[in-house]
Each structure stands twice: as structure tokens, then as C-alpha cells.
Amino acid sequence: MGWLNFILLSSFIVALLALLIPPLLEPDVGEVVKGKRCLVTGASLGIGKEIARELVHIKASHITIVARSENKLNEFRDEVLHSFKKIDDTWEPEIHVISADLSTRETSEKVIESAIKKMNGMDYLVLNHITNSRYGLWTEQPNHDFVPEMFDVNTLSYIWMANAALPTLQARGGADHSRIILGRMGRGSLYRCLLGNEACLTRFFQCFTNGVL
């Protein structure tokens, strides 16, 4: 076998092992989250909604769903509970609804406080909310008056909520990156507006994790 073929084969084996080994070493997500207390923001649609749905199916014991629209949250809760009963009528998760605009520190911290009371604790914090998509249209608002509110919701509220949840997460087993999860994605002009927020949050949570471990 020539050196080139040997190098190519070795590279392929290394790449294959890199793909196969981590799933074998990591615990099953369902087993890890089963029976846990979870909060999901931005849960009335999109990624947040599907994360909350999956948490029900893997039997998280308490799930608090947060968004601006209380009606949409209630509709989603009723839909999920109804569909879950068809699968397993021996167990029903507790789904709590909190309607809130997360543009202020006071509201963000109150949501965490309320969720902890409703669930009698918190094991996982899934942050997935973003501002209304109209804030992504930079060319329509050349004075950019919307930027402070966009930054409050898309960035600062994540920090406020993580800090508020920290004592409870630590008391219940940890506050590393596996307990605080970022789960959002935007499209088009909205996505471009989120890039700066994502960069800030990525760096913050790296420092946050290093600081609490």
C-alpha cells in the first residue's frame, strides 16, 4: 500500500471513529432528562415549541413554556397533553404556562422565579426566544431606534435569566453548558441581525461555564 493510500485510509478511520465514539460515550438524552424540571422560552412556535414537545415525549416531569402569547401557549399545552394521552394514558406531565415579554430584567428574573415555584425547582433552562421579526428590517428603520430593545431581548435577557436560575441549577446538580441550552435560529435579515447577539452569548456562556465550575 502506498503512503498516499495509507494516509487516506487512516484519515477515513479517524473520521469514522470521531463520528461513532461520542454517541457511544454520551448518555441517552431521554434517560438524562426523564423526570427533570425544564423551562423553555420561545415555546409558542418553531424550535422552542418542538423542544417542549420532545421534552413531553421523553417524560420530563415538569415543563414550563414561556412566550408572549398566552393563547398560543395554552393551545399548545392542550394539544400536547391530548396527543400524549393517546400514546401513554398512565402518566401525564405537568405543563406550566407563563406569558411574558422578556425585554426587561425585572420580567426575565420574575419568569425564572415563577417557574421555579411552579415546578418546585429547575434542572434545565432552554433559552430560545427572540424579538419580533420586524426588528430585522434594518433598511426600513434607518435611525435604528429598535436596537436597544432588540439587544435586551436577544442578548441581555439570556444573561439575566441564566444568572437568576444559577443558584437553583447549582443546587440541583450543576450549571454548566449542559444545563443551560441555547436553541434558536433565524432566517434572512432576522438571522443577520442575530449574528452579533449569538457571538456575544457564545462568549458569555463560555466565560459563565468556566466561572461556575
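For the sequence shown, my numbering gives the first residue as 12, with consecutive numbering after it.
Where is the CB? At the ideal position from N, CA and C, for every residue including glycine.
In this text the structure is predicted, and so the values were computed from the model without any measurement.
Contact check for Glu-81 against Ser-110 passes: the beta carbons are separated by less than 8 Å.
Distance from Ile-127 to Met-172 at the Cβ level is roughly 11 Å; contact not present, criterion being Cβ atoms closer than 8 Å. Only residues of its own chain outside the window of five on either side were considered, and among them Lys-45 have a CB closer than 6 Å to the CB of Lys-70, listed in chain order. Taking C-alpha positions only, Ser-114 is separated from Ser-168 by approximately 7 Å. DSSP places His-93 outside any beta strand (DSSP E); the residue lies instead in the alpha helix (DSSP H), whose first and last residues are 81–98.
Setting aside the 5 residues that flank it on each side, Lys-129 is surrounded in the same chain by Thr-75 and His-107, each with a C-beta closer than 7 Å to its C-beta; the list follows chain order. Glu-105 is bridged by DSSP to His-73.
The Cβ atoms of Lys-47 and Ser-72 sit closer than 8 Å to each other. From the listed residues Gly-184, Gly-132 and Thr-213, the smallest Cα separation to Ile-170 is found for Thr-213. DSSP places Arg-64 within a helical segment (H, G or I) once states are collapsed to three. With contacts defined by Cβ atoms closer than 8 Å, His-140 and Val-164 form a contacting pair. Comparing alpha carbon positions, the residue from Gly-53, Thr-179 and Ala-175 closest to Lys-121 is Ala-175. Look at Leu-56 here: in three-state DSSP terms it is coil, with no helix or strand label. In the three-state reduction of the DSSP assignment, Leu-167 falls in the helix class. Bridge pairing for Ala-78: Ser-110 [DSSP]. In the same chain as Asn-85, and ignoring 5 residues on each side of it, the C-beta atoms closer than 8 Å to its own belong to Val-108, in chain order.
The residue among Phe-87, Val-77, Ile-62 and Arg-116 with its C-alpha nearest the C-alpha of Phe-162 is Arg-116.
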